[in-house]
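Engineer:
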Amino acid sequence: MAKKKLGLEDLGGFVFSTNDDFDENEYVENEQEENLKPKDQRLEAHFSNKGRGGKTVTIVKGFVGPDEELIALGKLLKKKCGVGGSTKDGEIIIQGDDREKVMQILKKEGYNVKRVGG
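Below you can see the structure in the form of C-alpha cells.
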C-alpha cells in the first residue's frame, strides 16, 4: 500500500518561518471564491453514462462561484426538469438526457451554455 504524501493543508495551515519580516497576510489565500454574473459564466452541458451502470445523466460543468449558488442552480434545474440529481465537485448532475431542456433553462436564467458531445 502506497503512503499518502502529506501537504501543508494536512497540518492545519501551520507554517514555521525563521524570517523576522514574515507577513502571514501576504500568503493567506483569498477564502472567497470569485463570483461571476450569469452572463459572464461559460457553462457546458455534457451527456454521460459512464460509471453509472448504463444510466444516462446530464452534467453541467464550468460554474464559477460559491457552492451555495451552485446548489441553488442545481435545485432550480432539478425542479424545472422534474427529475433528481446532485451537485458535487463543482458539477451539477441531472438524471436523464435532458441537455436541451437544461440549456433552455440556463439561457433563460442568463447563462452562456454550450452543448458538448454527441
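Its first residue numbered 1, the sequence shown is counted upward by one per residue in UniProt numbering. Note that the Cβ used here is the ideal one computed from N, Cα and C, for glycine as well.
So what does DSSP say about L43, is it helix, strand or coil?
Structural biologist: Working through the sequence shown from its first residue, we reach residue 43 at position 43. Strand, per DSSP.
Engineer: Using the rule of at least 16 other Cβ atoms within 10 Å of the residue's Cβ for burial, across every protein chain shown, is T87 buried or exposed?
Structural biologist: Along the sequence shown, read from residue 1 onward, the residue named residue 87 stands at position 87. Flag for T87 reads buried.
Engineer: In the DSSP assignment, what are the bridge partners of I59?
Structural biologist: Within the sequence shown, numbered from 1, the residue matching residue 59 stands at position 59. I59 is bridged to H46, I93.
Engineer: Is the separation between the beta-carbon of K78 and that of G85 shorter than 8 Å?
Structural biologist: Mapped onto the sequence shown, residue 78 falls at position 78. Mapped onto the sequence shown, residue 85 falls at position 85. Contact flag set, yes.
Engineer: From G51 to K107, what does the alpha carbon distance come to, in whole angstroms?
Structural biologist: What you label residue 51 is simply residue 51 of the sequence shown in a count that begins at 1. What you label residue 107 is simply residue 107 of the sequence shown in a count that begins at 1. Looking at the two C-alpha atoms, the distance is approximately 29 Å.
Engineer: Distance, Cα to Cα, R115 vs E44?
Structural biologist: Reading the sequence shown from its first residue, position 115 is the one you call residue 115. Reading the sequence shown from its first residue, position 44 is the one you call residue 44. Distance between the alpha carbons of R115 and E44: 6 Å.
Engineer: Go ahead and label T56 buried or exposed: buried means 16 or more other beta carbons lie within 10 angstroms of its beta carbon, across all protein chains shown.
Structural biologist: Your numbering for residue 56 matches position 56 in the sequence shown. With fewer than 16 other Cβ atoms within 10 Å, it is exposed.
Engineer: I need the straight-line Cα distance from G90 to D98, nearest angstrom please.
Structural biologist: Position 90 of the sequence shown, counted from the first residue, corresponds to residue 90. Position 98 of the sequence shown, counted from the first residue, corresponds to residue 98. In a straight line, the C-alpha of G90 is about 19 Å away from that of D98.
Engineer: Would you mind stating whether I59 and I93 have Cβ atoms separated by less than 8 Å?
Structural biologist: Numbered from 1 along the sequence shown, position 59 holds the residue referred to as residue 59. Numbered from 1 along the sequence shown, position 93 holds the residue referred to as residue 93. For I59 and I93, yes; Cβs fall inside 8 Å.
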